[in-house]
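Enquirer: Numbering of the sequence shown is given in my numbering, commencing with residue 26 and proceeding in unit increments.
Just so you know, even glycine gets a beta-carbon here, dropped at the ideal spot from N, CA and C.
Quantities reported herein were computed from a predicted structural model and do not represent experimental measurements.
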Amino acid sequence: MRKVKYIILGAGSSGLTALGQIRRETDDFVMINGGYFGTTCARVGCMPSKALIHCAEHYHARKHFYEFGIHGADQLRIDDAAVMRRVRAFRDRFTKGVQSGSTDTLKPDQLIKGYAHFSGPNTVEVNGQTIEGERIIIATGSRPVVPEPWQALGDKLLTSDEIFELEHLPKRVAVIGLGIIGLELGQALSRLGVEVYGFEMTNTMAGLSSPSASKELVKNISKEFPVYLGEPAELEDTDKGVKVTVSSGSFEVDAVLASLGRRPNIDQIGLENLGVALDDKGMPAFDLETMQVADLPVFIAGDVNAFRPILHEAGHEGKIAVTNAKNYPKVDAFARMTPLGIAFTDPQVGFFGQSYAELDLEQTVVVDFHLERNNGRAIVMGEDKGVISLFADKQSKQLIGGELVMPHAEHFTHLLSWAVAQKQTVLSLLKMPYYHPVLEEAIESAMADLAKELYTPEAIQALTPAS
Ligand SMILES: Cc1cc2nc3c(=O)[nH]c(=O)nc-3n(C[C@H](O)[C@H](O)[C@H](O)COP(=O)(O)OP(=O)(O)OC[C@H]3O[C@@H](n4cnc5c(N)ncnc54)[C@H](O)[C@@H]3O)c2cc1C
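1. Run the CB neighbour count on Asp180, radius 10 Å, all protein chains shown included, and call it buried at 16 or more, exposed below.
2. Can you tell me the Cβ-Cβ gap for Ala326 and Val301, rounded? I've got them flagged as a contact below 8 Å.
3. With DSSP as the reference, identify every bridge partner of Leu260, one or two as the case may be.
4. With DSSP collapsed to three states, give me the class of Asp53.
5. Among residues of its own chain, excluding the 5 on either side of Ile103, which ones have a beta-carbon nearer than 7 Å to its beta-carbon?
6. Run through the DSSP bridge pairs and tell me what Leu136 is partnered with.
7. Between which two residues does the beta strand (DSSP E) harbouring Lys240 extend?
8. Near Glu249, which residues of its chain fall below 6 Å by C-beta distance, leaving aside the five closest residues on each side in sequence?
9. Report whether the distance from the Cβ of Asp328 to the nearest heavy atom of ligand 1 is below 7 Å.
10. Ser38 to Arg168, Cα distance in whole Å?
11. Is Val243 closer than 8 Å to Met230 when the C-beta atoms are compared?
12. Using the rule of at least 16 other Cβ atoms within 10 Å of the residue's Cβ for burial, across every protein chain shown, is Thr489 buried or exposed?
13. Can at least three beta-carbon pairs, one atom from the region 346-361 and one from the region 369-385, be found at a separation below 8 Å?
14. By alpha-carbon positions, which one of Ser453, Arg118, Val323 ends up nearest to Lys355?
15. Could you name the residues that DSSP lists as bridge partners for Val151?
16. Is Gly166 near ligand 1 - that is, is its Cβ less than 7 Å away from at least one heavy atom of it?
17. Is the distance from the Cβ of Val430 to the Cβ of Val412 below 8 Å?
18. According to DSSP, what are the bridge partners of Pro309?
19. With a threshold of 7 Å (Cβ to nearest heavy atom), would Ala350 be considered close to ligand 1?
20. Can you confirm whether the region 388-406 touches the region 251-267 when touching is taken to mean that 3 or more C-beta pairs between the two stretches lie within less than 8 Å?
21. Please work out which residues of its chain come closer than 8 Å, Cβ to Cβ, to Lys351, disregarding the five sequence neighbours upstream and downstream, and give them in chain order.
22. Closest to Asp262 by CA distance: which of Ser273, Val281, Ser272, Pro251 is it?
23. Quick check on Ile246: buried or exposed, where buried means 16 or more other Cβ atoms within 10 Å of its Cβ?
24. In or out: Ile95 buried (at least 16 other Cβ within 10 Å) or exposed?
25. Within 10 angstroms of the Cβ of Lys265, are there 16 or more other Cβ atoms? Answer buried if so, exposed if not.
26. Given Gln212, which residues of its chain have a CB within under 6 Å of its CB, disregarding the five upstream and five downstream residues?
27. Buried or exposed: where does Lys306 fall if 16 or more other Cβ atoms within 10 Å of its Cβ makes it buried?
28. Can you tell me which of Lys88, Thr315, Gln373 puts its alpha carbon nearest to the alpha carbon of Ala360?
29. Check whether the region 140-160 and the region 271-279 are in contact - that is, three or more C-beta pairs closer than 8 Å.
30. Would you check if the region 422-436 and the region 226-240 touch, i.e. whether three or more CB-CB distances between them fall below 8 Å?
31. In three-state terms, what does DSSP make of His439?
32. State yes or no: is the beta carbon of Asp320 nearer than 8 Å to at least one beta carbon in chain D?
33. Using the Cα positions of Tyr459 and Ala467, report the straight-line distance between them to the nearest angstrom.
34. Along the alpha helix (DSSP H) that carries Thr120, what are the first and last residues, could you check?
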């Protein structure tokens, strides 16, 4: 039986991060990857979705040209085939870039193409071969959830795995599931001229839990395409397409985009052979700060553990996993990063630190600052839509989280998550410089609203020099 020091299962963002570190130490490893190379992020995730959104944003901008004194926008047309070609060209560029710096440079015996599964706590089987690993990193990612009966829709059923392959966009699409992925793709399709209907089982979108942020997002998205929240949609295959039914009516569409979430790839990798208990979802107990599975020399990183299925966390977990795999049996706990999430919609959505749903409302001050008519720069840009919902701890007076629905939220969410990571108080954040006229002034206003609830008028007054 072949024996190696390290086995890495999965050549995605998390597995490749681990690979990079292991290669610095030794040649005694094997990486096993089932399916495509080039990572989910570059191939069917972050990058093609952002390429599609960017085209959609450009085309959508024409709707505001008239108010800026620019005429002729009604002559503009979208060439959907060209849009999709551009998306795929970027996808190819990014996936080639990933591979050329990683898997393409491995020796033939260091890379196996195939789906692996555990045959014992430290052995995996792939393509009929058994390999023993002293330390094993599981980084097999996730895949879109598709209910079994929906498979019968054939090519009328799309997920994020298929959508970027389309030569032409369908005329009418039902987006089922308005989490971040569904909302980003749904809005992009709508802006590219597709007739979109959105359906979401919960009463919120993009995973928001702040009532005001959630309301603001629903309000803005509903202006672009109809959304039906709070109940499951029923699908029925028809001669012409798919009939989607909710209590308020039925809608016929040409295709359905299933964006119901992603399932971690744990179900076919023989975790039952690890010899540890699995929960009702088939997940073994693992430590979020060490990535170690039970007390085994096995580590689980990235989307596969379903903790925070986003790119920078997949990379971070890959680093924790590989550090502990190298040092095993010594295993160190690493602090997790401040939570940070973004939806590249318009307005953008950002959340950081504790979510509204996680707050102890007795101990927390919550403020909502509405951009409408309250921020000069947003007004002149025609983008005065959104709300900044911020949360501060009453005792420590530190900013602990927030949910934003506003233009360019991606940048503010970063800055504010850094402030949370640094345990900044509201007063210390108010002491920072704020330029004029910028959207950051809206953050300053929201921060000032928090300060009014947390500090005495004298403490706030002391921020400004006496006149
Ligand atoms: C449409 C979309 C948009 C997204 N947008 C963003 C975004 O804007 N920002 C962000 O941060 N994140 C985004 N994400 C999430 C991000 O892409 C993932 O969090 C990240 O790619 C996960 O990396 P990973 O290494 O865990 O998994 P992957 O990159 O999926 O790698 C897992 C690898 O393991 C392989 N594998 C599976 N089973 C086996 C097996 N049994 N044996 C061997 N190999 C196996 C798979 O084929 C795959 O190659 C998006 C995702 C999607 C789908």
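Expert: Answer, in terms of the structure:
1. exposed
2. Between Ala326 and Val301 the beta-carbon gap is near 17 Å, outside 8 Å, which marks them as no contact.
3. Val269
4. coil
5. Tyr84, Leu217, Gly218
6. Met56
7. For Lys240, there is no enclosing beta strand (DSSP E); the residue is part of the alpha helix (DSSP H) that begins and ends at 236-247.
8. Ser215.
9. Yes - ligand 1 has a heavy atom lying nearer than 7 Å to the Cβ of Asp328.
10. 14 Å
11. yes
12. exposed
13. Output reads no: the region 369-385 does not touch the region 346-361.
14. Val323
15. Gln154
16. Annotation for Gly166 indicates a beta carbon within 7 Å of some heavy atom of ligand 1.
17. For Val430 and Val412, yes; Cβs fall inside 8 Å.
18. Leu303
19. no
20. no
21. Taken in chain order, the residues that qualify are Gln46, Ile47, Glu50, Arg160.
22. Val281
23. buried
24. exposed
25. exposed
26. Thr370
27. Under this definition Lys306 is an exposed residue.
28. Thr315
29. No, the region 140-160 is not in contact with the region 271-279.
30. yes
31. helix
32. Among the protein chains of the structure shown there is no chain D, as only one such chain exists.
33. 10 Å
34. 105-125
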